[in-house]
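Order-wise, the sequence lines are chains A and B.
Per our numbering, residue 9 is the first one in the first sequence, and the count goes up by one each step.
Per our numbering, residue 219 is the first one in the second sequence, and the count goes up by one each step.
From the three backbone atoms N, C-alpha and C, an ideal C-beta is built for every residue, glycine too.
Since the model is a prediction, treat every value here as computed from it, not as a measurement.
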Amino acid sequence: GDSVTQMEGPVTLSEEAFLTINCTYTATGYPSLFWYVQYPGEGLQLLLKATKADDKGSNKGFEATYRKETTSFHLEKGSVQVSDSAVYFCALSGTGANSKLTFGKGITLSVRP
Amino acid sequence: GAVVSQHPSWVICKSGTSVKIECRSLDFQATTMFWYRQFPKQSLMLMATSNEGSKATYEQGVEKDKFLINHASLTLSTLTVTSAHPEDSSFYICSAPQLAGGRSASTDTQYFGPGTRLTVL
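Set out below in C-alpha cells:
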C-alpha cells in the first residue's frame, strides 16, 4: 500500500537557518503530494502541494519539488523564523476518485530566536 | 480558505459512556468527510470515510460498531464513540475535501478541523 516516510525529529534550528525536511513515498500510479503544518493548538493546514512530477509547490517561503525519479518531496526554506515552529506532515493522495490522504509521522520543528 | 469546525474541542467522559463529536464544513458542501485519529507524537491514522447519504467506509482494524459515523447532511458528519474506554482516549480529527471543480479528486484540497481531544477516565 501507499506509505510516506519522513526523517526523524525533532529538529531545532536558530532563526534564519536553512531548513530541509526529507520526505519519501511509496505509491502506485501518480499520487499528489502535500505538506501540511500544524501550529500549536491548531488544526492541520495545507502548506503546499504538487500534483505531478517536477511540479514545485511553494508557500510562505517554503518549497518542495515532486521528484518521481527519487520518489521524494523534500521541504525546504531558506531562512526560518520563530513563527515557523510547528509540526510538519508530508502526505500523499491517491489517484482517481480516492482522495484519502496517507500521512508521514510528522516532524516537530522548533526555531530559536 | 474553507473552514471546517469540530465540536467539542475537548471532552472528558467516564468509561462506558458514549461521546458524539461533530464535524461541520462551514462555507462549502462536503459529500465526503474523513475521520482520523492521532496519538501523541504520531501521525494521523485514517479511521473511516463518511459519505453523505450512504454508509461510512471503515479502514481495516477499525470497529464500525464502536465508532459510529453518520453523515447527516452535506455540511455535517458525526462520530460517536460508543462505550468508551481509556484506550479510546486520543485526538480525533476530521477533514473535508473541497472539490477543485473539473479536476480529479486527487487534486482537491482537504480542510481539517481543529480536532477533539477525548479523555476517557
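Taking DSSP's pairing of strands, which residues face residue i in a bridge?
| i | result |
| --- | --- |
| Leu336 (chain B) | B:Val229 and B:Ser308 |
| Pro315 (chain B) | B:Gln328 |
| Tyr74 (chain A) | According to DSSP, Tyr74 (chain A) bridges with nothing at all. |
| Ala58 (chain A) | A:Leu41 |
| Glu84 (chain A) | A:Thr28 and A:Glu71 |
| Ser223 (chain B) | B:Arg242 |
Starting from the Cα of residue i, find the closest Cα among the options and give me that residue.
| i | options | result |
| --- | --- | --- |
| Glu240 (chain B) | B:Leu262, B:Gly333 and B:Asp306 | B:Gly333 |
| Tyr276 (chain B) | B:Phe257, B:Leu297 and B:Gln256 | B:Leu297 |
| Tyr340 (chain B) | B:Ser272, B:Leu264, B:Gln278 and B:Glu270 | The structure shown does not extend to residue 340 (chain B), since chain B spans only 219 to 339, so no value can be given for it. |
| Pro121 (chain A) | A:Ser22, A:Gln14, A:Gly9 and A:Thr13 | A:Ser22 |
| Ser268 (chain B) | B:Ile230, B:Cys231 and B:Lys282 | B:Lys282 |
| Phe42 (chain A) | A:Ile115, A:Val119, A:Phe81 and A:Val90 | A:Phe81 |
| Thr79 (chain A) | A:Asp62, A:Val119, A:Gly114 and A:Ala94 | A:Asp62 |
| Ile287 (chain B) | B:Trp253, B:Val229 and B:Thr327 | B:Trp253 |
Report all residues from its chain with a CB closer than 6 Å to the CB of residue i; omit the five preceding and five following residues, and keep chain order.
| i | result |
| --- | --- |
| Ser11 (chain A) | Thr34 |
| Ala314 (chain B) | Val222, Ser243, Ala248, Met251 and Tyr329 |
| Lys85 (chain A) | Leu27, Gly69 and Phe70 |
| Ala290 (chain B) | none |
| Gly320 (chain B) | With a pLDDT of 39 at Gly320 (chain B), under the threshold of 50, the modelled position of this residue cannot be trusted; read the value that follows with caution. Nothing listed; no residue qualifies. |
| Tyr58 (chain A) | At residue 58 (chain A) the sequence reads Ala, which differs from the Tyr that was named. Counting only Cβ-Cβ distances below 6 Å, and skipping sequence neighbours, we find Leu41, Gly65 and Tyr74. |
| Lys284 (chain B) | Thr300 |
So, for residue i: in the same chain, excluding its five sequence neighbours on each side, which residues have a beta-carbon less than 7 Å away from its beta-carbon?
| i | result |
| --- | --- |
| Asp306 (chain B) | Val299, Leu336 and Val338 |
| His303 (chain B) | Ser233 and Val338 |
Determine the chain A residues that contact residue i at a beta-carbon separation under 7 Å, and present them in chain order.
| i | result |
| --- | --- |
| Ser261 (chain B) | Phe97, Phe111, Gly112, Lys113 and Gly114 |
| Gly333 (chain B) | Gly51 |
Would the beta-carbon of residue i fall within 9 Å of that of residue j?
| i | j | result |
| --- | --- | --- |
| Gly102 (chain A) | Cys31 (chain A) | no |
| Gln340 (chain B) | Gly331 (chain B) | Residue 340 (chain B) lies beyond the residue range present for chain B, which begins at 219 and ends at 339; the question has no answer from this structure. |
| Leu262 (chain B) | Leu109 (chain A) | yes |
| Val45 (chain A) | Phe97 (chain A) | yes |
| Val88 (chain A) | Glu16 (chain A) | no |
| Ala72 (chain A) | Leu83 (chain A) | yes |
| Thr235 (chain B) | Ser301 (chain B) | yes |
| Leu52 (chain A) | Asp92 (chain A) | no |
| Val119 (chain A) | Val90 (chain A) | yes |
Cβ closer than 8 Å: which chain B residues qualify as neighbours of residue i?
| i | result |
| --- | --- |
| Leu52 (chain A) | Leu262, Ile311, Ser313 and Phe330 |
| Lys108 (chain A) | Phe252, Leu264 and Thr267 |
Spatial neighbours of residue i within its chain, please: CB distance less than 8 Å, with the 5 preceding and 5 following residues excluded, ordered by chain position.
| i | result |
| --- | --- |
| Pro39 (chain A) | Asp10, Tyr33, Leu100, Ser101, Gly102 and Thr103 |
| Ser227 (chain B) | Pro332, Gly333, Thr334 and Arg335 |
| Asp245 (chain B) | Ala220 and Val221 |
| Arg255 (chain B) | Leu262, Met263, Met265, Ser308, Phe309, Tyr310 and Ile311 |
At a CB-CB cut-off below 9 Å, which residues of chain A make contact with residue i?
| i | result |
| --- | --- |
| Thr327 (chain B) | Phe42, Leu54 and Lys57 |
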